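Visitor: Once you've had a glance at the structure underneath, I'll fire off some questions.
2 protein chains.
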Amino acid sequence: MTMVRDKATTAGAASKARLRLWIRLLKAQRRVEAELRERLRTEYGSTLPRFDVLSALHRSKAGLRMSELSDVLMVSNGNVTGIVDRLVEDGTVVREPVDGDRRAMRVRLTDTGRSHFRELAAEHEDWVSGLFAMFDECEAEELASKLHAVTETSGREGETGK
Amino acid sequence: MTMVRDKATTAGAASKARLRLWIRLLKAQRRVEAELRERLRTEYGSTLPRFDVLSALHRSKAGLRMSELSDVLMVSNGNVTGIVDRLVEDGTVVREPVDGDRRAMRVRLTDTGRSHFRELAAEHEDWVSGLFAMFDECEAEELASKLHAVTETSGREGETGK
DNA sequence: CCTGGATATTTTAAGCTTGAAATAAATTTG
DNA sequence: CAAATTTATTTCAAGCTTAAAATATCCAGG
Chain U
1 MTMVRDKATT
11 AGAASKARLR
21 LWIRLLKAQR
31 RVEAELRERL
41 RTEYGSTLPR
51 FDVLSALHRS
61 KAGLRMSELS
71 DVLMVSNGNV
81 TGIVDRLVED
91 GTVVREPVDG
101 DRRAMRVRLT
111 DTGRSHFREL
121 AAEHEDWVSG
131 LFAMFDECEA
141 EELASKLHAV
151 TETSGREGET
161 GK
Chain V
163 MTMVRDKATT
173 AGAASKARLR
183 LWIRLLKAQR
193 RVEAELRERL
203 RTEYGSTLPR
213 FDVLSALHRS
223 KAGLRMSELS
233 DVLMVSNGNV
243 TGIVDRLVED
253 GTVVREPVDG
263 DRRAMRVRLT
273 DTGRSHFREL
283 AAEHEDWVSG
293 LFAMFDECEA
303 EELASKLHAV
313 TETSGREGET
323 GK
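Protein chains in written order, with my numbering: chain U, 1 to 162; chain V, 163 to 324.
Right, dumping it as C-alpha cells:
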C-alpha cells in the first residue's frame with residue numbers, strides 16, 4: 001500500500017519541518033550567544049552589544065553616524081544612543097560633529113578603543129571557532145551560504161497560507 | 163604554481179569560515195525574530211517571550227514549575243518571574259502551589275490562555291513557514307539536523323586555539 | 001530535634017531593546 | 001523666503017534580560 005500525501009498534508013509537513021528548523025536555529029543562536037556573553041563578561045567586563053558596536057566601527061575607517069550604526073546592527077536608533085553613551089563614558093569611542101550637517105553625529109573608535117577591540121576580536125574569533133568546531137571549513141561555508149537565503153529573501157513572498 | 167596552505171593557515175581559514183557562519187546565523191535569527199515580534203505585537207498585542215512561555219506550558223499538560231520553565235526556555239529564573247507576572251495579570255496563566263513543596267510554584271494555562279495560544283500557534287507556524295519558504299521539507303530537515311550539533315556538542319571540546 | 005547546606009523562587013540593580021514622541025536641523029515647495 | 005515635510009538623533013515608558021543577593025523552605029547528619 002503506497003503512501004500518498006495530498007497537497008495540504010505535504011504543505012503541513014513542510015511547515016512543521018520549517019518550524020523545527022526555526023526552533024533549532026534559535027536554540028543554536030542562544031547557546032552560542034550565551035557562551036560569548038559569559039566570556040565577554042567574565043574575561044573583559046564587556047557585553048555583546050558593546051562588542052557589536054565596536055566591531056561595526058572597526059570595519060569602517062572613518063567612523064559611522066548613529067543612524068548608519070543602527071542600520072548595520074539592525075537595532076533601533078534609541079538603542080544605539082544608550083550603548084554609545086556608555087562606550088563614550090569609558091573612552092573607547094568618541095562622538096564628533098559632522099560638518100555640513102548639524103543634526104548628525106559621527107562615532108569613531110579612539111586609539112585605546114581600537115587596540116582594545118583588536119584584542120577582543122581575536123579572542124572572539126577563537127571562541128566562535130571553538131563553538132562551531134563540529135563544522136569543517138567546507139561545511140561551515142555551505143551552511144552560511146544556505147542561511148544567507150533567509151536574510152536575502154524579500155519580505156512577504158513565499159507565504160504559505162498552510 | 164600549486165597553492166599549498168600550512169596547518170596554521172588552514173585552521174585560520176576554517177576559523178574565518180565559522181565566524182562568517184556565526185554572523186549569518188545571527189543575522190537570519192534576527193531577521194526572523196524581528197518579523198515574528200512585529201506580527202505578534204501588531205496583530206495580537208503580544209510578545210515573543212510571552213509566546214515562548216505559553217508554548218512551553220502548552221506542551222506540558224500538567225503545567226511547569228518556575229525553574230522548569232526557566233530550564234526549558236534557557237532564560238534566567240528572575241526573568242521568568244516577570245513574564246509570568248504579566249501573564250497572570252491578563253489571565254492567560256495561573257500560579258498554583260505545589261503540594262508537598264511550599265517553595266515551588268506550578269504555572270498552568272487557563273482555559274482562556276489555552277485557546278488563546280492555539281490561535282497564536284497556528285498563525286505563528288504559518289509565519290515561520292513563510293519566512294523559511296526558500297527551504298523545502300527535505301532541506302529544512304537537513305539544516306535542522308546540522309544545527310542540532312551546535313546545541314548537543316558538549317561545552318569546551320574542539321577548542322581551536324587558532 | 002536542630003543545624004547546615006541545598007533548592008525554589010523573588011527581588012534588585014544595571015543594562016539592553018523597542019516603538020513612539022519630542023527636538024532640532026535640513027530640504028522641498030508654494 | 002516661509003511653511004511644510006523629511007531626516008538625524010535623543011528621550012521616554014514599558015518590557016526583557018542577566019547575575020547576584022535575599023527569602024523561604026526542604027532535607028540530611030549529628
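Just so you know, even glycine gets a beta-carbon here, dropped at the ideal spot from N, CA and C.
Here the structure is a predicted model, which means the values were calculated and not measured.
Of all the residues that make up the region 224 to 258 of chain V, which are near chain U by a beta-carbon distance shorter than 7 Å?
Guide: For the region 224 to 258 of chain V, which is checked against every Cβ of chain U, the residues closer than 7 Å are M236.
Visitor: Quick check: the Cα distance between V88/U and L54/U, rounded to an integer number of angstroms?
Guide: As a working mapping, residue 88/U is identified with position 88 in the first sequence. As a working mapping, residue 54/U is identified with position 54 in the first sequence. Cα-Cα distance, rounded: 11 Å.
Visitor: With H, G and I counted as helix, E and B as strand and the rest as coil, what does DSSP make of E142/U?
Guide: Mapped onto the first sequence, residue 142/U falls at position 142. Reduced to three states, the DSSP call for E142/U is helix.
Visitor: Taking its Cβ as the centre, do 16 or more other Cβ atoms sit within 10 Å of L293/V, making it buried, or is it exposed?
Guide: Working through the second sequence from its first residue, we reach residue 293/V at position 131. Per the 10 Å Cβ criterion, buried.
Visitor: Is T204/V close to chain U? Criterion is C-beta to C-beta, closer than 7 Å.
Guide: Indexing the second sequence from 1 puts residue 204/V at position 42. Answer no: the Cβ-Cβ gap between T204/V and chain U never drops below 7 Å.
Visitor: Please list the partners that H310/V has in chain U, where partner means a Cβ-to-Cβ separation under 9 Å.
Guide: Within the second sequence, residue 310/V is the residue found at index 148, counting from 1. Correct list: R24, K27 and A28.
Visitor: For a test of the three-state rule: what should DSSP assign to S291/V, helix, strand or coil?
Guide: Locating residue 291/V in the second sequence gives position 129, counting from the first residue. Reduced to three states, the DSSP call for S291/V is helix.
Visitor: Drop a sphere of 10 angstroms on the beta-carbon of R264/V, count the other beta-carbons inside from all chains shown, and report buried for 16 or more, exposed for fewer.
Guide: Translated into positions along the second sequence, residue 264/V becomes position 102. So R264/V counts as exposed.
Visitor: Beta-carbon of F213/V versus every beta-carbon of chain U: anything under 7 Å?
Guide: Here the question's residue 213/V lines up with position 51 in the second sequence. For F213/V, the answer is no, since every Cβ of chain U falls outside 7 Å of its Cβ.
Visitor: Taking only three categories from DSSP, how would you classify A62/U?
Guide: Translated into positions along the first sequence, residue 62/U becomes position 62. Note: A62/U maps to coil in three-state DSSP.
Visitor: Quick one: measure Cβ to Cβ for A283/V and A17/U, integer angstroms, because I've assumed they're closer than 8 Å.
Guide: On the second sequence, residue 283/V is found 121 positions in, with the first residue counted as 1. On the first sequence, residue 17/U is found 17 positions in, with the first residue counted as 1. That belief does not hold up - the Cβ atoms of A283/V and A17/U are roughly 16 Å apart, past 8 Å.
Visitor: Just grab the DSSP bridge partners of P259/V for me.
Guide: As a working mapping, residue 259/V is identified with position 97 in the second sequence. DSSP output for P259/V lists M267/V as bridge partner(s).
Visitor: Using beta-carbon positions only, say whether V107/U and V75/U come within less than 7 Å of one another.
Guide: Here the question's residue 107/U lines up with position 107 in the first sequence. Here the question's residue 75/U lines up with position 75 in the first sequence. Cβ distance not < 7 Å, so V107/U and V75/U don't count as in contact.
Visitor: Please report whether the beta-carbon of E142/U lies at a distance below 7 Å from any beta-carbon of chain V.
Guide: Counting from one through the first sequence, the residue named residue 142/U turns up at place 142. Cβ-Cβ to chain V under 7 Å: no for E142/U.
Visitor: Within the same chain, show all residues whose beta-carbon is closer than 6 Å to that of E96/U, passing over the 5 residues directly before and after it, in chain order.
Guide: In the first sequence, residue 96/U corresponds to position 96, counting from 1. Closer than 6 Å at the Cβ level, and outside the excluded window around E96/U, lie R106.
Visitor: With a cut-off of 8 Å, do at least 3 Cβ pairs link the region 177 to 193 of chain V to the region 228 to 243 of chain V?
Guide: Counting Cβ pairs under 8 Å, fewer than three are found: no touch.
Visitor: In angstroms with no decimal places, state the Cα-to-Cα distance between L26/U and R59/U.
Guide: Taking the first sequence and counting its residues from 1, the one referred to as residue 26/U is at position 26. Taking the first sequence and counting its residues from 1, the one referred to as residue 59/U is at position 59. L26/U and R59/U: Cα-Cα distance of roughly 27 Å.
Visitor: Helix, strand or coil: how does DSSP classify F51/U here?
Guide: As a first step, residue 51/U must be located in the first sequence, where it is residue number 51. DSSP places F51/U in helix when its eight states are reduced to three.
Visitor: Less than 7 Å between C-beta atoms, sequence neighbours within five positions excluded: which residues of the same chain meet that for G320/V?
Guide: Position 158 of the second sequence holds residue 320/V. Note that G320/V scores a pLDDT of 43, beneath 50, so its modelled location is shaky and nothing firm can be said.
Visitor: Give a yes or no on whether 7 Å exceeds the smallest Cβ distance from E125/U to chain V.
Guide: Residue numbering aside, residue 125/U sits at position 125 when the first sequence is read from its first letter. For E125/U, the answer is yes, since a Cβ of chain V falls inside 7 Å of its Cβ.
Visitor: Rounded to a whole number of angstroms, what is the C-alpha to C-alpha distance between L48/U and V4/U?
Guide: Walking along the first sequence from the start, residue 48/U turns up at place 48. Walking along the first sequence from the start, residue 4/U turns up at place 4. Each residue's Cα considered, the two are about 49 Å apart.
Visitor: Should M296/V be flagged as near chain U, meaning a C-beta pair shorter than 7 Å?
Guide: Taking the first residue of the second sequence as position 1, residue 296/V is located at position 134. By this cut-off, M296/V is an interface position.
Visitor: Do the region 65 to 74 of chain U and the region 123 to 137 of chain U touch if we need at least three Cβ pairs shorter than 8 Å?
Guide: With a cut-off of 8 Å, the region 123 to 137 of chain U and the region 65 to 74 of chain U do not count as touching, because too few Cβ pairs lie within range.
Visitor: Using the Cβ count rule (16 or more neighbours within 10 Å means buried), how would you classify V312/V?
Guide: Taking the first residue of the second sequence as position 1, residue 312/V is located at position 150. Its Cβ being crowded by 16 or more others within 10 Å, V312/V is buried.
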